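Undergrad:
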Amino acid sequence: MKNCITICLSLVFIVLAAALCRGQSDQGEIQITRPVSELGNTKPVPVSIEGFGPEVTEILKFDLYVQGFTFVAPDAAQYQISGSSAGDVVGRVVDRFAKTTILSRSYNGASVRRQAHAFTDDMVLAITGKKGIAQTRIAFKVEASSGNGEIYVADFDGHNAQAVTHDGVIVSAPSWVPGRSALYYNSYKLGNPDIFYHNLSTGERHVIAHYSGSNISPAASPDGSRVAMIMSRSGSPNVWVANADGANPRKLTSTSEDSSPCWSPDGGWICFATKMRERRMLAKVPAGGGEVQALHTPGAPNPTEPDWSPDGKWIAFTLQAGEFDICVMPADGSAPPVILVRGEDPSWSPNSRTLIYARRTGGRYILSLLDVYTKQVKDIRQISGSDSEPAWAK
Amino acid sequence: MKMMKLVYPMTLALAVTLAATGCRNHRPYGVTPIPNGQGGLVNNLGPGGTMGGNQPGGGQQADINSFDNMVPDRAALAAYTIHFAFDSSVIRHSEEANLQSVASALKSDPSTKLTIEGNCDERGTEEYNRALGDRRALAAREALAKLGVDPARIRTMSYGKDKPVDPGHNESAWSQNRRDDFVLLHPKTGA
Chain Z
11 MKNCITICLS LVFIVLAAAL CRGQSDQGEI QITRPVSELG NTKPVPVSIE
61 GFGPEVTEIL KFDLYVQGFT FVAPDAAQYQ ISGSSAGDVV GRVVDRFAKT
111 TILSRSYNGA SVRRQAHAFT DDMVLAITGK KGIAQTRIAF KVEASSGNGE
161 IYVADFDGHN AQAVTHDGVI VSAPSWVPGR SALYYNSYKL GNPDIFYHNL
211 STGERHVIAH YSGSNISPAA SPDGSRVAMI MSRSGSPNVW VANADGANPR
261 KLTSTSEDSS PCWSPDGGWI CFATKMRERR MLAKVPAGGG EVQALHTPGA
311 PNPTEPDWSP DGKWIAFTLQ AGEFDICVMP ADGSAPPVIL VRGEDPSWSP
361 NSRTLIYARR TGGRYILSLL DVYTKQVKDI RQISGSDSEP AWAK
Chain L
801 MKMMKLVYPM TLALAVTLAA TGCRNHRPYG VTPIPNGQGG LVNNLGPGGT
851 MGGNQPGGGQ QADINSFDNM VPDRAALAAY TIHFAFDSSV IRHSEEANLQ
901 SVASALKSDP STKLTIEGNC DERGTEEYNR ALGDRRALAA REALAKLGVD
951 PARIRTMSYG KDKPVDPGHN ESAWSQNRRD DFVLLHPKTG A
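Taken in order, these protein sequences are the chains called Z and L. Take the position in the first sequence, starting the count at 1, then add 10; the result is the number in the working numbering. Take the position in the second sequence, starting the count at 1, then add 800; the result is the number in the working numbering.
Written out as structure tokens, the structure reads:
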């Protein structure tokens, strides 16, 4: 009888081993279509995490939580994540339903933190088929109570933060040049709100817009060849576009109360907040000039601070109505906006799934991450002072 | 049972072989090296750093360089600060006397110029408020032009909500913070 049990166990072992071996070559992508109705309503993916030290466990949980995962016991998990972090990070992911190992990898070099982020990105790719965000960067402003501040860059979770400016003046609205280690931002260093271009690799910076009135809210075009901004040199704040170095500025709009331009990912449109027929709304204008078109946001009056997702599908924005809410709507206007959480100034992750945004607490701003499908939110590591105006590097 | 005795070692051997192969496969295949950091950021805006980009205004605003070499006098017109309704850049009748006083001061000394600083309360997003403060300053500039002041003597500047006079979070603070401050500019003596 004992032998029978042993044989049975051995057979189970064979079947399992075979299944696991097959799993090695079966890393198929899970493609999930995402209708508007899933915004804020999607159930997080249950995973278990075992074997890592406390620091790595915390990093993995943070990274996964803001990308739509939740943590359960191994026997309730869809994906079982295990490994070790004594020295370097070694990790594997088993799909408990398919009974296959979908990822098994070890990491070395840099820091354990970076290794853990790399492991998360590999997991997110293996599980969802989409590139993860754990090795991406952000820029933001840190303001002191004086109103002056500095521009900072950091990892997406707020770690490894570094000041980019040391001017002790008012700064605002950092914007990454896509694919480059370079920022545009607004600084009052010259006694006027001007727009600077700052190459973070060389430290060189140039003033690209220094005209009477405001030169604010810069936004680099997706190919980096142009910059959109708000200037009031002609007598009212309007959307302008110039070459990357500020040359050849052209006024694109004559609408009233323009603010916060952003680009469509194909570079064809600039979306901004404005007022038309006495109503606050979002609008878009061809980046080469043309007619301004209203973007209706039914149920979300007084929209501002739009940000177009890199995949082109969504526009996130801030709803100003006494309080401030983060909203997301289809860029094609096919459905009304979904109001997600309290907060303002959203910026999309490169994979168009997570938003970083600012929220007010205790008289200051702090930065948080929002997974738009599960509505899971986590505060990132803060710098002392008020942290706001986040921009996610694309 | 004899049969079983034979099957058992064979099965076990097969299991061990497969498990061993499996285990080998489950060991990490290849080590992924992680690049170290992002490289340092150089933050020098050395003397050689370009601070150019200055171009003639061309539009309705005066060239920003025409305000170089002026000395700001914050006290001169501090009594004439004007205030605004919530989320509005419309100049109220109650503020017109102050604007008259500012216009008189400018007209009495043609060598002076003016900076109008637009400000907001905290109840708006940051960039929205920066544009709103700008609109408030531009509204006063337009009003002063109507009162006969050459708009080429006026520059506008928005501080958004970064320079509240009252840091409180209530209507009494907010109503003080929604304002235009007027800063008289004197030519540098000897300039």
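Virtual Cβ for every residue (Gly too), placed ideally from N, Cα, C. As the structure is a computational prediction, the values presented were derived from the model and not from experiment.
Mind checking Z/Ser235: buried by the 16 CB within 10 Å criterion, or exposed?
TA: Position 225 of the first sequence, counting from 1, holds the residue named residue 235 of chain Z. By the neighbour-count rule (16 or more Cβ atoms within 10 Å), Z/Ser235 is not buried but exposed.
Undergrad: Check the DSSP bridge columns for Z/Trp250 and list the partner residues they point to.
TA: As a first step, residue 250 of chain Z is located in the first sequence; it is residue number 240 there, counting from the start. According to DSSP, which records beta bridges pairwise, Z/Trp250 is partnered with Z/Met239, Z/Lys261.
Undergrad: Hey, quick one: how far does the alpha helix (DSSP H) through Z/Pro64 stretch, first residue to last?
TA: Locating residue 64 of chain Z in the first sequence gives position 54, counting from the first residue. For Z/Pro64, the enclosing alpha helix (DSSP H) stretches over residues 64-75.
Undergrad: Given a cut-off of 8 angstroms, decide if L/Ala905 and L/Leu947 are closer than it, judged by their beta-carbon atoms.
TA: Position 147 of the second sequence holds residue 947 of chain L. Position 105 of the second sequence holds residue 905 of chain L. Their beta carbons are not under 8 angstroms apart, which means L/Leu947 does not touch L/Ala905 by this criterion.
Undergrad: Whole angstroms are fine: how far does the CA of Z/Phe150 sit from the CA of Z/His208?
TA: Mapped onto the first sequence, residue 208 of chain Z falls at position 198. Mapped onto the first sequence, residue 150 of chain Z falls at position 140. Distance between the alpha carbons of Z/His208 and Z/Phe150 is about 14 angstroms.
Undergrad: I'd like the ranges of any alpha helix (DSSP H) spanning at least 4 consecutive residues and lying wholly in the segment 166-225 of chain Z.
TA: none
Undergrad: Please return the same chain residues whose Cβ sits closer than 6 angstroms to the Cβ of Z/Glu48, not counting the five positions on each side in sequence.
TA: Taking the first sequence and counting its residues from 1, the one referred to as residue 48 of chain Z is at position 38. Cβ neighbours of Z/Glu48 beyond the five flanking positions: Tyr383.
Undergrad: Are there 16 or more other CB atoms within 10 angstroms of the CB of L/Asp909, so buried, or fewer, so exposed?
TA: As a first step, residue 909 of chain L is located in the second sequence; it is residue number 109 there, counting from the start. A residue is called buried once 16 or more other Cβ atoms fall within 10 Å of its Cβ, and L/Asp909, having fewer, is exposed.
Undergrad: Residues bridged to Z/Tyr89 by DSSP?
TA: On the first sequence, position 79 is the one that residue 89 of chain Z refers to. Z/Val57, Z/Asp105, per the DSSP bridge assignment.
Undergrad: Given a cut-off of 8 angstroms, decide if Z/Pro360 and Z/Tyr367 are closer than it, judged by their beta-carbon atoms.
TA: As a first step, residue 367 of chain Z must be located in the first sequence, where it is residue number 357. As a first step, residue 360 of chain Z must be located in the first sequence, where it is residue number 350. Contact flag unset, no.
Undergrad: Note down the Cα distance separating Z/Ala128 from Z/Thr364, rounded to an integer number of angstroms.
TA: For the purposes of this step, residue 128 of chain Z is identified with residue 118 of the first sequence, where counting begins at 1. For the purposes of this step, residue 364 of chain Z is identified with residue 354 of the first sequence, where counting begins at 1. Cα-Cα distance, rounded: 17 angstroms.
Undergrad: With 16 other CB atoms within 10 Å as the buried threshold, where does L/Asn970 fall?
TA: Position 170 of the second sequence holds residue 970 of chain L. It counts as exposed.
Undergrad: Contact check, Z/Ala341 vs Z/Trp318 under 8 angstroms by CB: the rounded distance?
TA: Residue 341 of chain Z sits at position 331 when you count from the first residue of the first sequence. Residue 318 of chain Z sits at position 308 when you count from the first residue of the first sequence. That pair is a contact at about 6 angstroms.
Undergrad: Can you tell me where the alpha helix (DSSP H) with Z/Arg147 in it begins and where it stops?
TA: Counted from its first residue, the first sequence places residue 147 of chain Z at position 137. Where Z/Arg147 is concerned, there is no enclosing alpha helix (DSSP H), although the beta strand (DSSP E) it sits in stretches over 147-153.
Undergrad: Using the three-state DSSP reduction, which class does L/Thr881 fall into: helix, strand or coil?
TA: Position 81 of the second sequence, counting from 1, holds the residue named residue 881 of chain L. In this structure, L/Thr881 counts as coil in the three-state DSSP scheme.
Undergrad: Using only CA atoms, which one of Z/Pro84, Z/Ser58, Z/Phe62 lies nearest to Z/Tyr75?
TA: For the purposes of this step, residue 75 of chain Z is identified with residue 65 of the first sequence, where counting begins at 1. Ranking Z/Pro84, Z/Ser58, Z/Phe62 by Cα distance to Z/Tyr75 puts Z/Ser58 first.
Undergrad: Here's the rule: buried if 16 or more other CB atoms are within 10 angstroms of the residue's CB, otherwise exposed. What is Z/Asn225?
TA: Here residue 225 of chain Z is taken as the residue at index 215 of the first sequence, counted from 1. Counting C-beta atoms within 10 angstroms of its own C-beta, Z/Asn225 has 16 or more neighbours from the protein chains shown and is therefore classed as buried.
Undergrad: Which residues does DSSP list as the beta-bridge partners of Z/Met291?
TA: By 1-based counting over the first sequence, the position of residue 291 of chain Z is 281. Beta-bridge partners of Z/Met291 (DSSP): Z/Thr284.
Undergrad: Z/Ala345: which of Z/Leu329, Z/Thr314, Z/Thr307, Z/Leu377 sits nearest, CA to CA?
TA: As a first step, residue 345 of chain Z must be located in the first sequence, where it is residue number 335. Ranking Z/Leu329, Z/Thr314, Z/Thr307, Z/Leu377 by Cα distance to Z/Ala345 puts Z/Thr307 first.
Undergrad: Is the shortest distance between the beta-carbon of Z/Asn202 and the beta-carbons of chain L less than 8 angstroms?
TA: Here the question's residue 202 of chain Z lines up with position 192 in the first sequence. Chain L places a beta carbon closer than 8 angstroms to that of Z/Asn202, counting this residue as a contact.
Undergrad: Would you call the CB atoms of Z/Ile280 and Z/Lys261 closer than 8 angstroms?
TA: The residue labelled residue 280 of chain Z in the question sits at position 270 within the first sequence. The residue labelled residue 261 of chain Z in the question sits at position 251 within the first sequence. Result no, Cβ atoms of Z/Ile280 and Z/Lys261 do not sit closer than 8 angstroms.
Undergrad: For Z/Phe79, name the three-state secondary structure that DSSP assigns.
TA: Translated into the one-based positions of the first sequence, residue 79 of chain Z becomes position 69. Z/Phe79 falls in the strand class under three-state DSSP.
Undergrad: By DSSP, does L/Lys994 sit in helix, in strand, or in coil?
TA: The question about residue 994 of chain L has no answer here: the residues shown for chain L are numbered 801 through 991.
Undergrad: When you compare the CB of Z/Glu267 with every CB in chain L, is at least one pair closer than 8 angstroms?
TA: The residue given as residue 267 of chain Z occupies position 257 in the first sequence. Yes - at least one Cβ of chain L is within 8 angstroms of the one on Z/Glu267.
Undergrad: Could you pull out every residue in the same chain whose Cβ sits closer than 6 angstroms to the Cβ of L/Tyr880, ignoring the five residues on either side in sequence?
TA: By 1-based counting over the second sequence, the position of residue 880 of chain L is 80. Around L/Tyr880: Asn898, Ser901, Val902, Phe982.
Undergrad: Based on the DSSP output, what are the partners of Z/Phe327 in its beta bridges?
TA: Here residue 327 of chain Z is taken as the residue at index 317 of the first sequence, counted from 1. Within the DSSP bridge table, the entry for Z/Phe327 names Z/Cys337 as partners.
Undergrad: For the segment 959-979 of chain L, which residues have a beta carbon sitting closer than 9 angstroms to at least one beta carbon of chain Z?
TA: Answer in chain order: Tyr959, Gly960, Lys961, Asp962, Lys963, Pro964, Pro967, His969.
Undergrad: Is it true that the CB of L/Lys913 sits closer than 8 angstroms to the CB of L/Leu985?
TA: Taking the first residue of the second sequence as position 1, residue 985 of chain L is located at position 185. Taking the first residue of the second sequence as position 1, residue 913 of chain L is located at position 113. Yes. Within cutoff.
Undergrad: Going along the chain, which residues of the segment 919-932 of chain L sit with their C-beta nearer than 7 angstroms to a C-beta in chain Z?
TA: Gly924, Thr925, Glu926, Glu927, Tyr928, Arg930, Ala931
Undergrad: Just to confirm the assignment, what range does the beta strand (DSSP E) spanning L/Tyr928 have?
TA: Counted from its first residue, the second sequence places residue 928 of chain L at position 128. Unbroken run through L/Tyr928 is the alpha helix (DSSP H), 926-946; no beta strand (DSSP E).
Undergrad: Only counting the same chain, and skipping five residues up and downstream in sequence, which positions put a Cβ closer than 8 angstroms to that of Z/Asn253?
TA: Position 243 of the first sequence, counted from the start, is the residue given in the question as residue 253 of chain Z. If we look at Z/Asn253 and ignore the five residues flanking it on each side, its Cβ neighbours are Ser235, Arg236, Val237.
Undergrad: Which bits of chain L does Z/His306 rub up against, with CB to CB less than 7 angstroms?
TA: Stepping through the first sequence from its first residue, residue 306 of chain Z is reached at position 296. Going along chain L, no residue has its Cβ under 7 angstroms from Z/His306, so there is no contact; the nearest lies around 19 angstroms.
Undergrad: What in chain Z is Cβ-close to L/Thr912, meaning under 9 angstroms?
TA: Here residue 912 of chain L corresponds to residue number 112 of the second sequence, with the count starting at 1. The contact set of L/Thr912 on chain Z, defined by CB atoms closer than 9 angstroms, is empty, because the minimum CB distance reaches about 17 angstroms.
Undergrad: For Z/Asp132, does the three-state DSSP call read helix, strand or coil?
TA: As a first step, residue 132 of chain Z is located in the first sequence; it is residue number 122 there, counting from the start. Here Z/Asp132 sits in helix by DSSP.
Undergrad: Nearest to Z/Thr371 by alpha carbon, out of Z/Asp381, Z/Gln392, Z/Gln386?
TA: Locating residue 371 of chain Z in the first sequence gives position 361, where the first residue counts as 1. That would be Z/Gln392, whose Cα lies nearest to the Cα of Z/Thr371.
Undergrad: Just confirm the distance between the C-beta atoms of L/Ile993 and Z/Asn202, as a whole number of angstroms; I'd bet it's less than 8 angstroms.
TA: Nothing about residue 993 of chain L can be read from this structure; chain L reaches only from 801 to 991.
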